[in-house]
Structure formats: C-alpha cells, structure tokens
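Residue numbers (the UniProt record's numbering), protein chains in the order written: chain G, 1 to 333; chain E, 1 to 267. Glycine included, C-beta positions come from ideal geometry on N, C-alpha and C. Quick notes on the structure that follows.
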C-alpha cells in the first residue's frame, strides 16, 4: 500500500463541540501534508487521533498500515510525535531525555545511548547534551523534542505546530531541519497556522475549518486560488480612501478589504512588485497622499476569507501571536 | 518483548527518570530528608516534654508513629508529581511510544518508594540519636521496616488515584492536607488514644494509621506491658491487620489509578 496515512470520515466530539466533523484524507508515502487552520479548527485533534492519543467517535484511520484503534500498540512503533508543547523533562539533560525515549522504543541500552548522541550532534545540541533541559532556550527545547520524535527513525512523523512560539531565527533553523528530514524520504504530517510554513515545508496543503477539509492542493495551487501577495496601503485622510480604492481596483484580483478607522486598504494582487509600482504611480498622479504602502504574503486570515467568506475563527489568537492586532478590526467590504 | 517483561522494563526506565529528577531538584530531596528530621526533633522535644506514656520513654513510643506519619506525607509526592506531569506534554510523548501504558504509574510509585526508603533511613538515624531503640531481633526490625515500605508503596497508589481524579496540583494539595492531618492525629501515633473522648477514641482505634503504628511498635519492641492497647481486632492483631490493609489498598487503588490515568491522559 502506498498511503502512509489514511483517514476516513473521522469524527470527534467534546460534549457539544464537534472537533472533527467527518475529516478524510490520505498522505502518500514519502510526502508531506500540512493541515492549515486556526486554533480550534481540529488540527491537533486529528494528530491526536492519528497518534493513538485519542479514540475517534466515528470513522477509521490507519498509519503505516495499522489501525489507530485496533492496532494502536503496534502502530506506535512506526511513528514519531512532536507536539505543541515540548514534551521533554526539565530536570533531565538532553542526552538523558533522548536515551529514555530510546529505551521506551525498546532499542536497548547501547543503541539508545548511541542514537541519543547521534541526534544531539545532528541537531546542534552536542555542547548542551549534558546540561539539564531547564536551561535550554525555546528553540533548543523544540529541537530536543523533535529529536525525541526521531529516536527510533520512524517512517511516519507527526509535528503539531512545530514553530509556534519560536522567534524568526529559531523558526528558520527548524524549517531547515525539517526540510532535511523529509528529503530523506519519510512521511510527514504537520499542522500549522502559517501559510508561509505550509508553503515552505509541504507537498500538499489541506485547509481545515470546523473539523472539515475545505480545500486541498499544492501550496502553489492554493496560492493561485487565494491570490498571491497583498498590497497593504495606508492613506493620510478619510477622504482619500475612495480615490485610493479606485486606484487599487485597477490591480485587484480579489475582494478588497478596507479598515476605515486605520485608513488601511488591503487587496490581493498577482505580480506584486509590478502592481505596487503601478498603483503608487497612479496615486501620485491623482495626488492621493500615502502614509505607508507595502507587499505582504497571504496570511491564514486571507486564505480563510477567500475560501470560506468568513474570518478564521481563531484569528484573534493568531493576530496576537504575530502582533497584527489591528487587522482584527478590519471590515470586509 | 512480552506482556509481563515490558511493564517491568518500561517501569524501571520511568523510575530511573524520576530518580534523576529527584536528585536534580533540591527542594524535593530537601523535603524528603529534612521534613522527617524536623518532625522527629519537633515531636521528641516539644511533645516529649509534655506527654508521658506509662512504662517507657515517650521517644520510644513516638518514633514508630513518626515513621507512619512520614510515610503518609512522602507518599503524597506520587500524587503531586503526577498532577505536575499532567500539565506538561510528557504523558503525550509516553503514550505515543510503543511502551507499556502501565509503566508510567509503576515507575512513579517505585521511584517514590526509593525516596521514601531514603527518608526512613534518615529518620531512623535521627531517632537513634535522640534515644529511640530497637528491642527486638534484627529479623523483626527488618520486618518492621519492610511493613512500612509496603504501606508506603500501597499509599502511593492511593495518592495517585486522588491526584488523577483531581488533576491539578493545587486541589490535590488541599485535599491531601485536609485528609492526612486528621488521619494522622486522630490515631495512636503521638498519644495513647485510650484517653480520647468516646467518638474520637473509636475512630482512632479503627484508624489504619493506628494499626500500622501499633504493628511497627510491636516489631521494633517499642511497647510496654504498662501501656494498655485498645481491645479491637486491628490493634490486637496489628501486623496481620496491616498486611490486610496493604492488600486491600493495592487491590482497590492499583486498578482505579490505572483507569483514571487512562481517562486523564486521553481527554
């Protein structure tokens, strides 16, 4: 069989809340699928079901050919999981943490030890190997946790929001590591709130909303549907919003969003730099004064607005994380 | 690896992890070593100057009671540690591994037993220094410590059950303190319970803490014919009753804790 992961109509309810609402997908062996969605979309629940931490209320799923419910124990020998919270022991050193995981995969004392050293070397943690994890930075913790998922060299890997809480440098380093990993031919399912992360790491992206898949494709296909870059423009006065909108309509390939309180307009465009140049030229001709203008990549929010017509339900949370609180007040026009 | 060896081997791996943790957290180690020392000195000198028991020095009467109290306090570390671990992702990691699920609780209780043993050794040394003596054969004394250790192990499963039902360190600590203090004080651990008013006396006589204390006193020879013990079955046959208590605690709380663990980590 060529699919490393199969999920058919997975359902999971928590009281009145439906976390998974008939989620189905497959991940072919040797490929990377990113589940993209805001907090509460059901991404983590899907990972927890597939890694046997949670029993689904309905549907079935297999990983590496093993059923997640019937064959959980054997399935676990074929997976590695790195969750949202670095699951490492603070008081143990990096080496001790990895050795313990090796022992629990039943690799034996000698192989566990050797494997721990190997991974610490590979993740650039050799110098910190014999220090308690308590003193590690956020990025180091994430790496040691990721190393923990790789101890038994499992064919299927699950990474739940691997870069949440990391600074941009640590995030870039983590992406490099993950890219190297999957280049080796493993299968990876990762969840993320960042379009950029999915773009960078995944062969296929599946957008999840309220426990259901609402779109699936390659990152490029998805970007084509959502529109490429965004022009974000801020004018100096309310009376300049309308002329600015007219100028932007000229290059827009999708719905324009205007936030009157912050005098900002956002619009999806193709060929961003050229579109920006043309818009700025026309605004100068028309005498519209611009306070700020720039290009940015589509965010999860943009993906959601385009695909569902509604805002990502966890957008407030994501906005806080990325420091873009102002956008939450924007109105769709 | 088969179904019998795996929980033991994995349990040992987890126990080693916990032992390392204890060694690296001075507050925990301090609690286990210092608390018993403080208890022995406090009770020996403060109560010792006010309380007299017939036929023997108070400190000889006291030490077995302190042992039982320390076991009850130290066993709470099992529950407390579990509530802390529940807050982190470590149980998720364990559950995604092909290990025996029961190993987590086995490992936790075994490492806490080792810590309890360390506490008992320190306490016995301090006890000897302040005048406590063993008057029985080494075999009986060893049996006395063995019984205390078995009780410690069984009681760890009780605190694990409570912790996995409550799930937060704060609520666990509140309940543990609220239950363990009356349990220890309404007993014969520090006083001759025959002097208590009737309803309290009955409670004290049937309190398992009294049974374990009486068993320890008998096995260490800290008894006196001048001191009348209660005429109830668990006190007259204290060693047998203690073993029975241990068996009952294990039979009830091992499966209960295991079930609650599964529930706590899979929600």
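Practice task
Determine, using beta carbons only, whether residue 111 of chain E comes closer than 8 Å to chain G.
Solution key: Position 111 of the second chain holds residue 111 of chain E. So no, residue 111 of chain E is outside the interface.
Practice task
Anything in the region 91 to 108 of chain G with a Cβ closer than 8 Å to a Cβ of chain E? List those residues in chain order, please.
Solution key: For the region 91 to 108 of chain G, the set of residues with a beta-carbon nearer than 8 Å to any beta-carbon of chain E comprises 91, 92, 96, 100, 101, 103, 104, 105, 106, in chain order.
Problem - C-alpha gap between residue 83 of chain E and residue 64 of chain G, whole angstroms - result: To locate residue 83 of chain E, count along the second chain from 1; it is residue 83. To locate residue 64 of chain G, count along the first chain from 1; it is residue 64. Distance between the alpha carbons of residue 83 of chain E and residue 64 of chain G: 33 Å.
Problem - Through-space distance from residue 296 of chain G to residue 322 of chain G, alpha-carbon basis - result: Within the first chain, numbered from 1, the residue matching residue 322 of chain G stands at position 322. Within the first chain, numbered from 1, the residue matching residue 296 of chain G stands at position 296. In this prediction, residue 322 of chain G has a pLDDT of 38, which is less than 50 and means its spatial position is unreliable; what the coordinates show is noted afterwards. Spanning the alpha carbons of residue 322 of chain G and residue 296 of chain G requires a straight line of approximately 13 Å.
Practice task
Determine the chain G residues that contact residue 90 of chain E at a beta-carbon separation under 7 Å, and present them in chain order.
Solution key: Taking the first residue of the second chain as position 1, residue 90 of chain E is located at position 90. Proximity of chain G to residue 90 of chain E at the Cβ level (cut-off 7 Å) is accounted for by 87, 89, in chain order.
Exercise for the section: Note down, one range per segment and in chain order, each beta strand (DSSP E) of at least 3 residues found wholly within the region 252 to 278 of chain G. Expected result: For secondary structure counted as the beta strand (DSSP E) over 3 or more consecutive residues, the region 252 to 278 of chain G holds these complete runs in sequence order: 257 to 259, 264 to 268.
Problem - Nonlocal neighbours in the same chain, by C-beta distance under 7 Å from residue 119 of chain E, ignoring five residues either side - result: Stepping through the second chain from its first residue, residue 119 of chain E is reached at position 119. Around residue 119 of chain E, the same chain offers 32, 33, 36, 70, 74 as residues with beta carbons nearer than 7 Å, after the five sequence neighbours per side are excluded.
Problem - Proximity test, Cβ basis, 8 Å: residue 56 of chain G and chain E - result: Sequence index remark: in the first chain, residue 56 of chain G carries index 56 (1-based). No, no contact with chain E.
Practice task
Would you check if the distance between the CB atom of residue 64 of chain E and the CB atom of residue 185 of chain E is smaller than 8 Å?
Solution key: Here residue 64 of chain E is taken as the residue at index 64 of the second chain, counted from 1. Here residue 185 of chain E is taken as the residue at index 185 of the second chain, counted from 1. Between residue 64 of chain E and residue 185 of chain E, the gap from beta carbon to beta carbon reaches 8 Å or more.
Practice task
Using a Cβ-Cβ cut-off of 8 Å, state whether residue 76 of chain G counts as contacting chain E.
Solution key: For the purposes of this step, residue 76 of chain G is taken as the residue at position 76 of the first chain. Any Cβ of chain E closer than 8 Å to the Cβ of residue 76 of chain G would place that residue at the interface, and such an atom is present.
Problem - Identified DSSP bridge partners for residue 204 of chain G - result: Residue mapping note: residue 204 of chain G aligns to position 204 of the first chain, counting from 1. Per DSSP, the beta-bridge partners of residue 204 of chain G are G/33.
Exercise for the section: Buried or exposed for residue 18 of chain E, please, with buried defined as at least 16 other CB atoms from any protein chain shown within 10 angstroms of its CB. Expected result: Looking up residue 18 of chain E in the second chain gives position 18. With 16 or more other Cβ atoms within 10 Å, it is buried.
Problem - Residues bridged to residue 296 of chain G (per DSSP) - result: Stepping through the first chain from its first residue, residue 296 of chain G is reached at position 296. Within the DSSP bridge table, the entry for residue 296 of chain G names G/230 as partners.
Handout entry: Among G/294, G/202, G/140, G/76, the one whose alpha carbon lies nearest that of residue 66 of chain G
Key = As a working note, residue 66 of chain G is residue 66 in the first chain. Residue G/76 is the option with its Cα nearest to residue 66 of chain G.
Problem - residue 23 of chain E vs residue 44 of chain E beta-carbon contact at 8 Å - result: As a working mapping, residue 23 of chain E is identified with position 23 in the second chain. As a working mapping, residue 44 of chain E is identified with position 44 in the second chain. For residue 23 of chain E and residue 44 of chain E, no; Cβs fall outside 8 Å.
Handout entry: is_contact[residue 102 of chain E, chain G] using C-beta, thresh 8 Å
Key = For this step, residue 102 of chain E is matched to residue 102 along the second chain. Not an interface residue.
Practice task
Could you check how far apart the C-beta atoms of residue 242 of chain E and residue 151 of chain E are, in whole angstroms? I think they sit under 8 Å.
Solution key: Indexing the second chain from 1 puts residue 242 of chain E at position 242. Indexing the second chain from 1 puts residue 151 of chain E at position 151. With 8 Å as the limit, residue 242 of chain E and residue 151 of chain E qualify as a contact, their Cβ atoms being about 7 Å apart.
Practice task
Leaving out five residues on either side along the sequence, give the residues of the same chain with a beta carbon under 6 Å from the beta carbon of residue 42 of chain G.
Solution key: Counting from one through the first chain, the residue named residue 42 of chain G turns up at place 42. Correct list, in chain order: 19, 20, 208, 211.
Problem - Under 7 Å (Cβ pairs) to chain G, residues found in the region 164 to 178 of chain E - result: So nothing in the stretch comes that close.
Practice task
Closer than 7 Å by beta-carbon distance: list the chain E residues that pair up with residue 83 of chain G, in chain order.
Solution key: For the purposes of this step, residue 83 of chain G is identified with residue 83 of the first chain, where counting begins at 1. Chain E residues near residue 83 of chain G: 89, 92.
Handout entry: Beta-carbon proximity list for residue 166 of chain G, same chain, < 8 Å, skipping 5 on both sides
Key = In the first chain, residue 166 of chain G corresponds to position 166, counting from 1. 138, 139, 142, 174, listed in sequence order.
Practice task
For residue 222 of chain E, count neighbouring Cβ atoms within 10 angstroms of its own Cβ and tell me buried if that reaches 16, exposed if not.
Solution key: Within the second chain, residue 222 of chain E is the residue found at index 222, counting from 1. Residue 222 of chain E should be labelled buried.
Handout entry: Proximity test, Cβ basis, 8 Å: residue 52 of chain G and chain E
Key = On the first chain, residue 52 of chain G is found 52 positions in, with the first residue counted as 1. Interface criterion met: the Cβ of residue 52 of chain G is under 8 Å from a Cβ in chain E.
Practice task
Give the residues of chain E in contact with residue 132 of chain G, contact being defined as C-beta atoms less than 8 Å apart.
Solution key: Numbered from 1 along the first chain, position 132 holds the residue referred to as residue 132 of chain G. Correct list: 24.
Exercise for the section: Please work out which residues of its chain come closer than 8 Å, Cβ to Cβ, to residue 148 of chain E, disregarding the five sequence neighbours upstream and downstream, and give them in chain order. Expected result: For the purposes of this step, residue 148 of chain E is taken as residue 148 along the second chain, with counting starting at 1. Excluding sequence neighbours, residue 148 of chain E sits near 67, 68, 71, 120, 212, 216.
Problem - Extent of the continuous beta strand (DSSP E) run through residue 82 of chain G - result: As a working mapping, residue 82 of chain G is identified with position 82 in the first chain. That run of the beta strand (DSSP E) goes 79 to 82.
Problem - Interface residues of chain G facing residue 13 of chain E [CB-CB closer than 8 Å] - result: Your numbering for residue 13 of chain E matches position 13 in the second chain. Neighbours of residue 13 of chain E on chain G, chain order: 100, 103, 104.
Practice task
Give the residues of chain E in contact with residue 148 of chain G, contact being defined as C-beta atoms less than 9 Å apart.
Solution key: One-based indexing of the first chain puts residue 148 of chain G at position 148. Using a Cβ-Cβ cut-off of 9 Å, residue 148 of chain G is close to 93 of chain E, given in chain order.
Practice task
Taking residue 210 of chain E and residue 188 of chain E to be in contact with their CB atoms under 8 Å, please state how far apart those CB atoms are, rounded to whole angstroms.
Solution key: Locating residue 210 of chain E in the second chain gives position 210, counting from the first residue. Locating residue 188 of chain E in the second chain gives position 188, counting from the first residue. In this structure residue 210 of chain E is in contact with residue 188 of chain E, their Cβ atoms being roughly 4 Å apart against a cut-off of 8 Å.
Problem - For residue 66 of chain G: DSSP bridge partner residues - result: Here residue 66 of chain G refers to the residue found at position 66 when the first chain is read from its first residue. Residue 66 of chain G is bridged to G/63.
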